Amino acid sequence: MTSEHMQNIPSYETLRRRAEEILQKTDRNKKIDPTDQDLLDILNELEVHQVELDLQNEELRRTAKELEAVRDEYYDLYNSAPVGFVITDRKGRITEVNKAAVTLLRSADRLRGMPFIEFIDPQYIAGYFTLLKKASAVTGRETGKSMELCLKGQGPDRWVRLNLNKKLDESGRIKEWRFALTDISRAKKAEKELATINQQLVQEINRRKKLETELNAFGEKLTKAYQQRD
4 MTSEHMQNIP SYETLRRRAE EILQKTDRNK KIDPTDQDLL DILNELEVHQ VELDLQNEEL
64 RRTAKELEAV RDEYYDLYNS APVGFVITDR KGRITEVNKA AVTLLRSADR LRGMPFIEFI
124 DPQYIAGYFT LLKKASAVTG RETGKSMELC LKGQGPDRWV RLNLNKKLDE SGRIKEWRFA
184 LTDISRAKKA EKELATINQQ LVQEINRRKK LETELNAFGE KLTKAYQQRD
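Sequential numbering of the sequence shown, starting at 4, is according to our numbering.
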């Protein structure tokens, strides 16, 4: 329960005051001897306590409904996000994923319990562990650590930008790793195509320079031949 919802729950004194107001509007048991003040006090206290419990239960039910609505809203946002979210335990075994992560990992298998590194292209695993080591040395939950890596699997390359944070337990030890995976496959493909175009352009420029050099040399030969003819 959040602190905000806790603050919304009436205090004990408020509930007791409301309970006493409710009881003042109800009829007392007329069969009780009005001279037996001790018994009347005990019954009054019991009645007040019962009303207090009823009011507390009413507030708890209302708060539970509010928390359930917040939870459902968070769950919908979590699963509809375009960014893949993966949570692993301290040993790197997947404990939670959203729909976008399932799409990125392209796995029809049960993901929970699987090591996250099984989805990373082998040539990036060393860099991945280096990133974890650096993040482990950062104080607090936010690490600010990220890297680009290629995911393993059949089909076209799946490039992602991996942003890393961690969750600590009460003793300050790492309890969970939390990854945000942004699909950058299109950007990487465009980058690769641009590099290819640039390479072809450089080759064409060099070819034309070579041709120009050859033409200049040929022109010089023609000039010499013409001069020798005279």
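The C-beta atom is built at its ideal place from N, Cα and C for all residues, glycine as well. These numbers were taken from a predicted model, which means no experiment stands behind them.
With distances taken between CA atoms, F132 lies nearest to K94 out of E145, A103, K94, A104.
C-alpha of T199 to C-alpha of I177: approximately 43 Å in a straight line. The alpha-carbon separation between K169 and V51 amounts to approximately 48 Å. Beta-carbon to beta-carbon, F182 and V105 are separated by about 14 Å, too far to satisfy the 8 Å threshold. In the three-state reduction of the DSSP assignment, K170 falls in the strand class, which pools E and B.
In the DSSP assignment, L135 falls within the alpha helix (DSSP H) that extends over 128 to 139. With respect to the 9 Å criterion, L108 and L154 are classified as neighbours on the basis of their beta carbons.
Sequence-distant Cβ neighbours of Y127 in its own chain, meaning closer than 7 Å and more than five residues away, are L152, C153. DSSP lists A183 as the beta-bridge partner residues of F88.
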